[in-house]
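Residue numbering for the sequence shown follows the numbering used here, starting at 140 and increasing by one per position.
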Amino acid sequence: MKEQLDCLVALQEVDLAMARLNKEIMAGPKRLEKIKDDLEEIKTSIDIYEERERKIKKDQRSYEAREEDSLARIKRNEEKLMTVKTNKEYQSILKEIDELKRKKSEYEDQIIICLEELDNISKVIKERKKDFRDMEQYFNKEKAVLEEEIKEAQKELAVLEERRKDLVKMLDPEILEQYNMISEWSGGLSVARVENSTCLGCNMNIPPQMYNELQRCDTLRFCPNCHRIIYWKKPKD
Numbered sequence: 140m141k142e143q144l145d146c147l148v149a150l151q152e153v154d155l156a157m158a159r160l161n162k163e164i165m166a167g168p169k170r171l172e173k174i175k176d177d178l179e180e181i182k183t184s185i186d187i188y189e190e191r192e193r194k195i196k197k198d199q200r201s202y203e204a205r206e207e208d209s210l211a212r213i214k215r216n217e218e219k220l221m222t223v224k225t226n227k228e229y230q231s232i233l234k235e236i237d238e239l240k241r242k243k244s245e246y247e248d249q250i251i252i253c254l255e256e257l258d259n260i261s262k263v264i265k266e267r268k269k270d271f272r273d274m275e276q277y278f279n280k281e282k283a284v285l286e287e288e289i290k291e292a293q294k295e296l297a298v299l300e301e302r303r304k305d306l307v308k309m310l311d312p313e314i315l316e317q318y319n320m321i322s323e324w325s326g327g328l329s330v331a332r333v334e335n336s337t338c339l340g341c342n343m344n345i346p347p348q349m350y351n352e353l354q355r356c357d358t359l360r361f362c363p364n365c366h367r368i369i370y371w372k373k374p375k376d
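This is the structure in C-alpha cells:
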C-alpha cells in the first residue's frame with residue numbers, strides 16, 4: 140500500500156503541475172486581449188478626436204466664408220455711400236455696415252476659437268497616436284513572449300502527460316477511481332499529508348488511533364473531516 144500511496148502523491152503533484160501550466164496557457168491570451176482592448180480604446184478616442192477635428196475645420200471654413208462675405212458686403216455698401224442722394228438712405232447704409240462689421244467681428248472671433256481648438260486637438264491626437272504606437276509595440280512584444288512561454292509550457296505538459304500515464308498504470312483501478320472522484324470536488328487536492336495528527340488538507344485533527352494506524356501505511360485511509368485520502372510521511376532526521 141505504501142507504493143500505492145507514494146504513487147498517489149506523485150500523481151497529485153503531476154496533476155497540480157499540469158493544472159498550473161494549463162492555467163498559464165489560458166491566462167496568456169486573456170492578457171493579450173486586455174492589451175487589445177486598450178488599443179481599441181485608444182483607437183476609438185483617436186477616431187472621436189479626428190471626427191471633432193473635421194467638424195471644427197468645417198465650421199472654420201464656414202466662418203471664413205461668412206467673414207469674407209461680410210467684408211465684401213461692407214465694401215459694396217461703402218461704395219454705395221458715395222452715390223446715395225438722401226440722408227435717410229445714407230443712415231440706412233451706415234446701419235447696415237455697422238451690423239455687417241459686428242457680424243464680421245463675431246465670425247473672426249469664432250475663427251480664432253476654431254484655430255485654438257484645432258491646435259489643442261492636434262496635440263491630443265498626436266499624443267494618442269504615440270500612445271497607440273507604444274501600446275502596439277508592447278502588444279507585439281508581449282505576444283512574442285507569450286508564444287515562447289506557451290511553447291515551453293506545452294513541452295513541460297507533454298513530459299508530465301507521459302509521467303502521468305506511467306503513474307496511472309502503477310495504480311490500482313479502484314484507488315485511481317477514488318482519487319479522480321475526490322479530485323472533482325476538492326479542487327484537485329485529493330491527497331493530503333497528515334502531520335502531528337493534523338490533516339493538511341483541511342487543517343483539522345484526526346483521532347489519535349487513526350493517526351497511529353496511518354503510520355503503518357497498510358491501507359487506504361480518509362480524513363474523517365474533509366474525506367480526502369490521507370497519508371503519513373516519516374519526518375526527516
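We put the beta carbon where it would ideally sit given N, CA and C, even for glycine.
Bear in mind that the values here come from a model prediction, so they are computed numbers and not experimental data.
>> Just to confirm the assignment: which complete alpha helix (DSSP H) runs, minimum length 4, are found wholly within the stretch 269 to 328?
In response: Within the stretch 269 to 328, the complete alpha helix (DSSP H) runs of at least 4 residues are 312 to 325.
>> I need the DSSP call for Ile181, collapsed to helix, strand or coil.
In response: In the sequence shown, counting from the first residue as 1, residue 181 sits at position 42. Here Ile181 sits in helix by DSSP.
>> Tell me which residues share the same chain as Arg332 and place their Cβ nearer than 7 Å to its Cβ, disregarding the 5 neighbours each side in the sequence.
In response: For the purposes of this step, residue 332 is identified with residue 193 of the sequence shown, where counting begins at 1. Cβ within range, chain order: Leu339, Tyr370 and Lys372.
>> Tell me the residue span of the beta strand (DSSP E) that contains Ile368.
In response: As a position in the sequence shown, residue 368 is number 229, starting the count at 1. Per DSSP, the unbroken beta strand (DSSP E) holding Ile368 starts and ends at Ile368 to Trp371.
> CB-CB under 8 Å to Leu254, same chain, minus the five flanking residues each way: which ones, in chain order?
Replying inline: On the sequence shown, position 115 is the one that residue 254 refers to. Gln199.
>> Just to check my reading of the structure: Lys243 and Ser209 have Cβ atoms closer than 8 Å, yes? What is that Cβ distance to the nearest angstrom?
In response: Sequence index remark: in the sequence shown, residue 243 carries index 104 (1-based). Sequence index remark: in the sequence shown, residue 209 carries index 70 (1-based). In this structure, Lys243 and Ser209 form a Cβ contact; the two beta carbons are roughly 4 Å apart against a cut-off of 8 Å.
> How would you call Thr187, buried or exposed, if buried means at least 16 neighbouring beta carbons within 10 angstroms?
Replying inline: Residue mapping note: residue 187 aligns to position 48 of the sequence shown, counting from 1. Reading the sequence as shown, one finds Ile at residue 187 and not Thr. Looking at its Cβ environment, which holds fewer than 16 other Cβ atoms inside 10 Å, Ile187 is exposed.
> So, is Glu301 buried or exposed, given that buried needs 16 or more other C-beta atoms within 10 angstroms?
Replying inline: Taking the first residue of the sequence shown as position 1, residue 301 is located at position 162. When all chains shown are included, Glu301 counts as exposed.
>> Quick check: what's the CA-CA separation for Asn161 versus Asp357?
In response: Your numbering for residue 161 matches position 22 in the sequence shown. Your numbering for residue 357 matches position 218 in the sequence shown. For the pair Asn161 and Asp357, the Cα-to-Cα distance works out to about 35 Å.
> Is the beta carbon of Ile252 less than 8 Å from the beta carbon of Ile236?
Replying inline: The residue you call residue 252 lines up with position 113 of the sequence shown. The residue you call residue 236 lines up with position 97 of the sequence shown. Against a cut-off of 8 Å, the Cβ pair of Ile236 and Ile252 comes out as no contact.
> When the Cα atoms are used, what is the spatial distance from Lys224 to Glu189?
Replying inline: Working through the sequence shown from its first residue, we reach residue 224 at position 85. Working through the sequence shown from its first residue, we reach residue 189 at position 50. Rounded to the nearest angstrom, the gap between the Cα atoms of Lys224 and Glu189 is 54 Å.
> What are the residues that DSSP puts in a beta bridge with Arg212?
Replying inline: For the purposes of this step, residue 212 is taken as the residue at position 73 of the sequence shown. Answer is none; Arg212 lacks a bridge partner.
> Would you call Gln348 buried or exposed, if buried means 16 or more other Cβ atoms sit within 10 Å of its Cβ?
Replying inline: Against the sequence shown, residue 348 aligns to sequence position 209. Counting Cβ neighbours within 10 Å, Gln348 comes out exposed, since fewer than 16 surround it.
> Comparing alpha-carbon positions, which option in Asp270, Arg360, Ile250 and Trp324 lies nearest Ser201?
Replying inline: Mapped onto the sequence shown, residue 201 falls at position 62. Relative to Ser201, the option among Asp270, Arg360, Ile250 and Trp324 whose CA is nearest is Ile250.
>> For Ile232, which residues in the same chain have their Cβ closer than 6 Å to its Cβ, ignoring the five residues on either side in sequence?
In response: Walking along the sequence shown from the start, residue 232 turns up at place 93. When the five nearest sequence neighbours on each side are left out, the beta carbons in the same chain lying within less than 6 Å of the beta carbon of Ile232 are those of Asn216, Lys219 and Leu220, in order along the chain.
>> Taking 8 Å as the threshold (C-beta atoms), are Val153 and Leu359 in contact?
In response: Residue mapping note: residue 359 aligns to position 220 of the sequence shown, counting from 1. Residue mapping note: residue 153 aligns to position 14 of the sequence shown, counting from 1. In this structure, the beta-carbon distance from Leu359 to Val153 does not fall below 8 Å.
> Who pairs with Cys338 in a beta bridge, going by DSSP?
Replying inline: As a working mapping, residue 338 is identified with position 199 in the sequence shown. In the DSSP secondary-structure assignment, Cys338 is bridged to Val333 and Met343.
> CB-CB under 7 Å to Leu296, same chain, minus the five flanking residues each way: which ones, in chain order?
Replying inline: Working through the sequence shown from its first residue, we reach residue 296 at position 157. For Leu296, where only same-chain residues beyond five positions count, the Cβ hits under 7 Å are Met157 and Leu160.
>> Below 8 Å on the Cβ atoms is my contact criterion, and I expect Ile195 with Glu247 to pass it. Report the Cβ-Cβ distance as a whole number of Å.
In response: Residue mapping note: residue 195 aligns to position 56 of the sequence shown, counting from 1. Residue mapping note: residue 247 aligns to position 108 of the sequence shown, counting from 1. Between Glu247 and Ile195 the Cβ distance is about 16 Å, and since that is not below 8 Å, they are no contact.
> How many angstroms separate the CA atom of Asn100 from the CA atom of Ile314?
Replying inline: Missing from the structure shown is residue 100; the chain here goes from 140 to 376 and no further.
> Hey, Ile390 and Ser329 are a contact pair by Cβ (cut 8 Å); roughly how many whole angstroms apart?
Replying inline: With the chain represented from 140 up to 376, any question about residue 390 goes unanswered, as that position is not in the structure.
> How would you call Gln230, buried or exposed, if buried means at least 16 neighbouring beta carbons within 10 angstroms?
Replying inline: For the purposes of this step, residue 230 is taken as the residue at position 91 of the sequence shown. Exposed, since its Cβ has fewer than 16 Cβ neighbours within 10 Å.
> Is it buried or exposed for Leu147, if we count other Cβ within 10 angstroms and need 16 for buried?
Replying inline: The sequence position of residue 147 within the sequence shown is 8, counting from 1. Buried, by the Cβ-count rule.
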